[in-house]
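Here the protein sequences come in this chain order: A and B. Note that this note's numbering has the first sequence beginning at 178, numbered continuously upward. Note that this note's numbering has the second sequence beginning at 66, numbered continuously upward. I have placed the structure first, in the form of structure tokens, so that the comments after it can refer back to it.
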Amino acid sequence: MILFKRLVPVVFAVLAATGPASALDIDVTTFKLENGMEVVVIPDHRAPVVTHMVWYRAGAADEAQGKAGVAHLLEHLMFKGTSKYPNGAFSRIVRANGGNDNAFTTQDYTAYHQKVMKDRLPLVMELEADRMQNLELTDETVLPERAVVLEERRQRTDNEPAGLLHEQLDAAMYNAHPYGKPVIGWMSQVSKLTRQDAMDFYAQHYEPANAILIVAGDVTPEEVKTLAERYYGPLKNKRPLLERVRAEEPTPNAERRVTMQDARASAPSWQRQYLTPAARHLPQREELAMSLLAEIIGGSNQSRFYQTLNLDKKLAAYSGAWFDADQLDHGSFGVYAAPNPGVTVEQVETEIDAILADVAARGVTQEELDRSRSNMNASAVYLLDSQDKLARIFGVALATGQTTQDVLNWDEDLATVTVEDINKAARTVLDRKASVTGVLLPEEKSQ
Amino acid sequence: MELMNRLPMSFRALVLFAGLFFASATGASAFTIQEVTSPGGIKAWLVEEHAIPLLAMNYSFRGGTERDPAGKEGVSEFLTGMMDEGAGEMLSAEFQKKRDELAFRMSFDAGPDFFEGGFQTLTRNRDAATDLLKTVVTAPRFDVEPLERVRQQYLLNVKETEQDPQSMAWQVWMEDILPGDPYSRRDGGTEATIAAITADDLHAAHRRIFNRDTLQVSVVGDITAKELGPLLDKLFGGLPETAAEQPELPQAKPVMGPMVKVIDRDIPQSVIVFGTEGIKRDDPDFIPAFVMSEILGSGGLTSLLSEEIREKRGLTYGVSYGLSPMGRVGLYAGSLQTKNESAGEALDVAREVIRRYVEEGPSQQDLDDAKTFLTGSYALRFSSNAAIANQLLGIQQQNLGIDYVEKRNSLVGAVTLDQVKDQAKRLLHPDRLIVTVVGKPQGVK
């Protein structure tokens, strides 16, 4: 049953530097139930608490045409009830047992999670296993919840110019792939979703073989195995798993630009995203080279952006860069800046273009690499303080076609990245034809 | 895309103080709090946790944004932005380079009553990192270049806050309920006050805030009591013994409604803030009142307000209504967002739910469920070093005693139905709410 049983490697790095101090044993254990459900156990014995999560390999990008938002609507509806636990009993029971619960939906996966005292783990497993197959919905429960989701959309997106622009950037980035539609769905489509739409999505995707169980906290792998076999083991797959085939995104041929003027914006802002491969399509070393590139360009106060835009030229009040390839089909590399009062978006963009061109043409330095690598290593140690975040890292990896081995090899692979790897990443990723630039402007252009 | 009830409480005070209670622990805590007194007489609460080579420290001084001098509103927040811009002999760039090399985390936050610091370091860099932090705490620099640079950031922040519908609704609500009180000023200042802040103002604010007299510290992580003492002296021993003399601020006097104010904004969804006077943390009936308020309007989906407004009618993504105890006043405030067309309806339902709760109170079952949740979930809030440090500082600030973590669940467990009903009658005044709506609401009265 045990595929991996070793320390999380970042801890080795720290211990190497501190000498043999108190070792933190995080023995990550993974195994599969007979019905195909994957299980990951991450022990953390500091407090008598467990985080229990079930991830489904199904998200907004798996929705049928015209049904934008149904994955997320279903996530809300999963709290409505089964014949055994009807009328919203799920959250009430978790709460009555002193637990917290919540859920989230992305393009590629939907996850449900509870945090409870360790002796309540069997209870939340029973509840979660029950709603994997026995959800019951009526129009009386679906319609008010659909209205809630519309309010959620107004709150996150329609009331917020930055939210609206973000949605348009993704739409412009993808010509064919479903990542171009928002996870929460378009208002016009969400408002027409039905009980049947939700049940169809449920029937297609909510199966044990399509699910990942993650338990982090004060448990042993043996305890989890016994409980998982008891509660999730008996669930049968009702239909063969569908292969996740999404419309392929054609090679991008032209850079795109989205400009939004909105009276509600308080100041101009600028951002750009570049399309990249997904992590599962990249050797981890190349993926880490891109992360280091983002760190060097805009990840700290020592970065190229901060030193030039914020410090030397006083063009931007805020600036930064990021890289995220933890999706199934594509990732993105992003840069952004907020101009100082009195500085135009054009001035900032010109300077950013110059910095990026310089990085692509002349590359980064060994000193930049060493510093950024050390920052990333330190961040990994801080991460160990959070049971939830650790659990999420493994969940995201498995739900986006990566492996626990990728996570466990993270620091070894990071150590092998060279300046040339980063320079190659810069030349590849900073391709304007694969980019969308977004500009948000207040209504009256004061500049 | 998270589901659920993480309501964006843009009103800082609510987050700060409500947090202590949503974030509390079970009697059967898995850790021991030691009170450490340094050789130099500085006290701290310590929880040793050697499983991870990290240390988390939270500390605070009394006197937050409410103490910003008139005309210098925003200076405390400005100070938070200047604390990593050079200290002692180190200019900004040199300081930041060293901080990044040592990979420690340092943050500052200016609340209405307390100015707080957060600090995390890897064990292997602890000595060097605390050397730097000591210099920051005792001798921050306010050089011209960083000051002007940071000023630009705060000018943008002010504009953003003034434009944001949630911030706007909370700001106006505060001005209506506490007119003229320092609590209802703009914490982050205005364009005019930010433009006027000088290095002297920042030095004065630093001198006003950083002193040993009102210092409170909690530390969690890979350090022993013996190691912590000298570290406390190093960090804080160089601070002045007492704060600069300043007059006591009077208790704040909330206005009672009814009052409804609409601020016209072209947005599809109205932001509604409502509430009345509440109670302070030192009120003898605070715990029963807190349990009463949780049943009615906690952030969760199972509160009475959420049940009627969200679950049954689909009128909002989230509604919450809770106590907000501050140093000189207690408030009782709530918020929800709903499409303009249903603003009046949502507010009417809220008033009706509150009215019924005053008349009938909760059922015994409601109370029992709330108590099991509140007691059972207390421990969940202590599951990381950073979370424990944060909890323990809050308990010190509220003067609840080092045994509070152990006592807290029995206090909640002892609350009776009669107490809850009494508190509902005492604190809820649905006909006298002060209401602020930002948007184009229909039917609001």
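Glycine included, C-beta positions come from ideal geometry on N, C-alpha and C.
For P390 (chain B), the residue or residues it bridges with in DSSP: Taking the first residue of the second sequence as 1, we reach residue 390 (chain B) at position 325. The partner list for P390 (chain B) (beta bridge, DSSP) reads B:G395.
Q524 (chain A) versus L533 (chain A) - alpha carbon distance: Translated into the one-based positions of the first sequence, residue 524 (chain A) becomes position 347. Translated into the one-based positions of the first sequence, residue 533 (chain A) becomes position 356. Going by the C-alpha atoms only, they are around 14 Å apart.
Interface residues of chain A facing P230 (chain B) [CB-CB closer than 7 Å]: Indexing the second sequence from 1 puts residue 230 (chain B) at position 165. What P230 (chain B) touches in chain A: N336.
Nearest to V480 (chain B) (by Cα), restricted to the options B:D433, B:L361, B:P495: Translated into the one-based positions of the second sequence, residue 480 (chain B) becomes position 415. The residue with the shortest Cα to Cα distance from V480 (chain B) is B:D433.
L488 (chain A) to L156 (chain B) span [Cα, whole Å]: Along the first sequence, one-based indexing puts residue 488 (chain A) at 311. Along the second sequence, one-based indexing puts residue 156 (chain B) at 91. For L488 (chain A) and L156 (chain B), the distance between alpha carbons rounds to 13 Å.
Short CB-CB distance (under 9 Å) between L201 (chain A) and chain B: In the first sequence, the residue the question calls residue 201 (chain A) occupies position 24. Low local confidence applies: a pLDDT of 36 at L201 (chain A) is under 50, so the model's placement there is unreliable, with the coordinate-based value given in what follows. At least one chain B Cβ lies under 9 Å of L201 (chain A).
L85 (chain B) versus T577 (chain A) - alpha carbon distance: As a working mapping, residue 85 (chain B) is identified with position 20 in the second sequence. As a working mapping, residue 577 (chain A) is identified with position 400 in the first sequence. Note on L85 (chain B): pLDDT 31, under 50, position unreliable in the model; the coordinate value appears next. Computed Cα separation, rounded: 37 Å.
Under 7 Å from the C-beta of Q332 (chain A): neighbouring residues of chain B: Working through the first sequence from its first residue, we reach residue 332 (chain A) at position 155. Those within 7 Å of Q332 (chain A) in chain B are Q334, Y382, Q402.
Helix, strand or coil at Q281 (chain B) according to DSSP, with G and I counted as helix: As a position in the second sequence, residue 281 (chain B) is number 216, starting the count at 1. If DSSP states are grouped into helix, strand and coil, Q281 (chain B) belongs with the strands.
Touch test, the segment 379 to 389 of chain A against the segment 401 to 417 of chain A, Cβ-Cβ under 8 Å, three pairs minimum: In short, these stretches touch, since the Cβ pair count reaches three.
Amino acids of chain B, ordered along the chain, whose beta-carbon sits closer than 9 Å to that of R223 (chain A): Here the question's residue 223 (chain A) lines up with position 46 in the first sequence. Near R223 (chain A) (Cβ distances below 9 Å), the residues of chain B are A95, F96, E114, A116, I117, S448, S449, N450.
Per-residue contacts from F207 (chain B) into chain A (C-beta, under 7 Å): What you label residue 207 (chain B) is simply residue 142 of the second sequence in a count that begins at 1. Within 7 Å Cβ-Cβ: nothing; F207 (chain B) doesn't reach chain A, min ~17 Å.
Near-chain A residues of the segment 133 to 151 of chain B - C-beta to any C-beta below 9 Å: Residues passing the 9 Å Cβ filter: D149.
Where the alpha helix (DSSP H) containing L293 (chain B) begins and where it ends: The residue you call residue 293 (chain B) lines up with position 228 of the second sequence. Where L293 (chain B) is concerned, the enclosing alpha helix (DSSP H) stretches over 290 to 301.
When A:R423, A:L560, A:I529 are compared against Q504 (chain A), the one with the closest alpha-carbon: The residue you call residue 504 (chain A) lines up with position 327 of the first sequence. When only C-alpha atoms are compared, the closest one is A:R423.
Run of the alpha helix (DSSP H) containing W363 (chain A), from where it starts to where it stops: Translated into positions along the first sequence, residue 363 (chain A) becomes position 186. W363 (chain A) -> no alpha helix (DSSP H), and no H or E assigned at all.
9 Å Cβ cutoff, L396 (chain B) in contact with chain A: Counted from its first residue, the second sequence places residue 396 (chain B) at position 331. Chain A has no Cβ within less than 9 Å of the Cβ of L396 (chain B).
Residues sharing a beta bridge with Y124 (chain B), DSSP: Looking up residue 124 (chain B) in the second sequence gives position 59. Y124 (chain B) is bridged by DSSP to B:G182, B:V282.
When B:M171, B:R214, B:L187 are compared against T199 (chain B), the one with the closest alpha-carbon: Locating residue 199 (chain B) in the second sequence gives position 134, counting from the first residue. For the sequence presented, residue 199 (chain B) should be read as Lys rather than Thr. Of the listed residues, the one whose Cα sits closest to K199 (chain B) is B:M171.
With 16 other Cβ atoms within 10 Å as the buried cut-off, status of G106 (chain B): For the purposes of this step, residue 106 (chain B) is taken as the residue at position 41 of the second sequence. Looking at its Cβ environment, which holds fewer than 16 other Cβ atoms inside 10 Å, G106 (chain B) is exposed.
Coil, strand or helix - F339 (chain B) by DSSP: Position 274 of the second sequence, counted from the first residue, corresponds to residue 339 (chain B). Correct three-state label for F339 (chain B): strand.
Cross-chain neighbours of E329 (chain A) in chain B, by beta carbon under 7 Å: Within the first sequence, residue 329 (chain A) is the residue found at index 152, counting from 1. Result: Y382.
Outcome for V500 (chain B) when other beta-carbon atoms lying within 10 angstroms are tallied against a minimum of 16: Position 435 of the second sequence holds residue 500 (chain B). A residue is called buried when at least 16 other Cβ atoms come within 10 angstroms of its Cβ; V500 (chain B) meets this threshold and is buried.
Interface residues of chain A facing G365 (chain B) [CB-CB closer than 9 Å]: The residue given as residue 365 (chain B) occupies position 300 in the second sequence. What G365 (chain B) touches in chain A, judged by beta-carbon distance under 9 Å, is S268, R272, N277, going in chain order.
Exposure label - D316 (chain A); buried when at least 16 CB within 10 Å: Here residue 316 (chain A) refers to the residue found at position 139 when the first sequence is read from its first residue. Its Cβ having fewer than 16 others within 10 Å, D316 (chain A) is exposed.
Test: S428 (chain B) CB closer than 9 Å to a CB of chain A: The residue given as residue 428 (chain B) occupies position 363 in the second sequence. Answer no: the Cβ-Cβ gap between S428 (chain B) and chain A never drops below 9 Å.
CB contact check: A514 (chain A) to chain B, cutoff 9 Å: Working through the first sequence from its first residue, we reach residue 514 (chain A) at position 337. No - not a single Cβ of chain B is within 9 Å of the one on A514 (chain A).
Proximal chain A residues relative to S283 (chain B), where beta-carbon distance stays under 8 Å: Start at 1 with the first residue of the second sequence, and residue 283 (chain B) comes out as number 218. The premise fails here: S283 (chain B) is roughly 15 Å from chain A at the closest Cβ pair, so nothing lies under 8 Å.
Rounded separation between L221 (chain B) and G511 (chain A) - CA only: Sequence index remark: in the second sequence, residue 221 (chain B) carries index 156 (1-based). Sequence index remark: in the first sequence, residue 511 (chain A) carries index 334 (1-based). Approximately 22 Å between the Cα atoms of the pair.
Proximity winner among A:P385, A:E313, A:R441, relative to V503 (chain B) (alpha-carbon distances): What you label residue 503 (chain B) is simply residue 438 of the second sequence in a count that begins at 1. Between V503 (chain B) and the set A:P385, A:E313, A:R441, the nearest pair of CA atoms involves A:R441.
Close-in-space but distant-in-sequence residues of the same chain around L370 (chain A) (CB under 7 Å, 5 per side omitted): Here residue 370 (chain A) corresponds to residue number 193 of the first sequence, with the count starting at 1. The answer, listed in chain order, is K244, G246, V247, L250, R323.
Under 7 Å by beta carbon: chain B residues contacting E322 (chain A): If you number the first sequence from 1, residue 322 (chain A) lands on position 145. Correct list: G379.
Residues that DSSP places opposite E215 (chain A) in a beta bridge: By one-based count along the first sequence, residue 215 (chain A) stands at place 38. Looking at the DSSP assignment, E215 (chain A) forms a beta bridge with A:K209, A:I389.
Any C-beta of chain A under 9 Å from that of Y443 (chain B): Within the second sequence, the letter at position 378 stands for residue 443 (chain B). Yes, because at least one Cβ of chain A sits closer than 9 Å to the Cβ of Y443 (chain B).
Burial state of V293 (chain A), where buried means 16 or more other Cβ atoms lie within 10 Å: For the purposes of this step, residue 293 (chain A) is taken as residue 116 along the first sequence, with counting starting at 1. Per the 10 Å Cβ criterion, buried.
Assigned exposure category for N123 (chain B) - 16 Cβ within 10 Å defines buried: Translated into the one-based positions of the second sequence, residue 123 (chain B) becomes position 58. Flag for N123 (chain B) reads buried.
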